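Position 97 of the sequence shown, counting from 1, maps to 97 under UniProt numbering, and the rest follow consecutively.
Idealized CB from N, CA, C, for every residue including glycine.
Predicted, not measured: the structure shown is a model, and the values here were computed from it.
Everything on this sheet refers to the single structure shown next.
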Amino acid sequence: MDDKFEILTNPGFSYWEEQLANTYKYEGWVHSIHEYNMWKAAFGDKFNHFVVVDKEVDFEKFMEFDRKITSGLERGDYIKEFFSMQGSYNKVVTSSDDEIFGYCNIRECIDNYLIIGPFYAQNSLAASTVLRAVLESIPNLKNFEILKALAPSNNTDAIKLFETLSTGKFKIGAKNLIQFTSHLMKVTDEKVYSVMDITISYC
Numbered sequence: 001m002d003d004k005f006e007i008l009t010n011p012g013f014s015y016w017e018e019q020l021a022n023t024y025k026y027e028g029w030v031h032s033i034h035e036y037n038m039w040k041a042a043f044g045d046k047f048n049h050f051v052v053v054d055k056e057v058d059f060e061k062f063m064e065f066d067r068k069i070t071s072g073l074e075r076g077d078y079i080k081e082f083f084s085m086q087g088s089y090n091k092v093v094t095s096s097d098d099e100i101f102g103y104c105n106i107r108e109c110i111d112n113y114l115i116i117g118p119f120y121a122q123n124s125l126a127a128s129t130v131l132r133a134v135l136e137s138i139p140n141l142k143n144f145e146i147l148k149a150l151a152p153s154n155n156t157d158a159i160k161l162f163e164t165l166s167t168g169k170f171k172i173g174a175k176n177l178i179q180f181t182s183h184l185m186k187v188t189d190e191k192v193y194s195v196m197d198i199t200i201s202y203c
């Protein structure tokens, strides 16, 4: 997780949020910190925009966010290994005061496809921002034929996001029943955009 990303926001017109809710329709959505400061100076509190800048993320804060989603599941070592393996690309989104807003990992798989997960976010705007950042970090993205995600069926924001990303060409290929032991983790489904691995039921 060498490259980190930060979301900077300011309260303002809902117009900006509506425009950025579908980032894939608007080119040039990423601005430098200098451009951000320029727009902020011009519009003040009426300016509401998300920008991506390089930033280091404290791993313990990262895991605090992860535990909130997974109801206290401790998997720091697993996450570190998973995110650092060859063919794995990931980004973290934070607010300007270092609050974690989400993260996304995409990894290369056999048969020339990519799979998204884990992918958690506080809201759809944070999700779309970090997803695009990860996709743009993959050097040979156009060489892959399929992009797969494992989203909870009750997260309608995730479905809308993937539909937008694929310009409506995505399809639901299978439905899975997650298998657990006698302990059922109370996962915050609406913040889960794609799970890590359905085989081991590990979010």
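The alpha helix (DSSP H) runs of length 4 or more contained entirely in the segment 127–169 are, from start to end of the chain, 156–165.
Rounded to whole angstroms, the gap between the alpha carbons of Phe-162 and Lys-171 is 9 Å. Following the DSSP letters along the chain, one finds Lys-80 inside the alpha helix (DSSP H) bounded by residues 76–84. Secondary structure note for Glu-64: its alpha helix (DSSP H) is the uninterrupted segment 59–69. Residue state for Leu-73 is assigned as coil, using DSSP reduced to three classes.
Glu-190 and Gln-86 have their C-alpha atoms some 29 Å from each other. If the five residues before and after Asn-112 are omitted, its C-beta is found closer than 8 Å to the C-beta atoms of Asn-143, Phe-144, Glu-145 and Ile-146, all from its own chain and listed in chain order. Distance from the CA atom of Gly-102 to the CA atom of Val-134, rounded to whole angstroms, is 12 Å. Ser-194 carries a strand assignment under DSSP once its states are collapsed to helix, strand and coil.
DSSP places Glu-108 in the uninterrupted beta strand (DSSP E) bounded by 100–109.
In this structure, DSSP gives Ser-124 a helical state, which the three-state scheme calls helix. Residues of the same chain with a CB within less than 7 Å of the CB of Lys-186, apart from the 5 flanking positions on each side, are Ser-71 in chain order. Rounded to whole angstroms, the separation of the alpha carbons of Val-192 and Lys-68 is 11 Å.
If you draw a straight line from the Cα of Asn-123 to the Cα of Thr-188, it is about 12 Å long. Spatial neighbours of Val-130 in its own chain (CB-CB distance under 6 Å, excluding positions within 5 residues in sequence) are listed in chain order as Lys-91, Val-93, Gly-102 and Cys-104. In this structure, Ile-138 keeps its C-beta atom at 9 Å or more from the C-beta atom of Ser-194. For Leu-150, the CB contacts under 7 Å within the same chain, skipping 5 residues up- and downstream, are Gly-117, Ser-194, Val-195 and Ile-198 in chain order. Nearest in C-alpha terms to Leu-141, of all of Leu-73, Arg-107 and Asp-77, is Arg-107.
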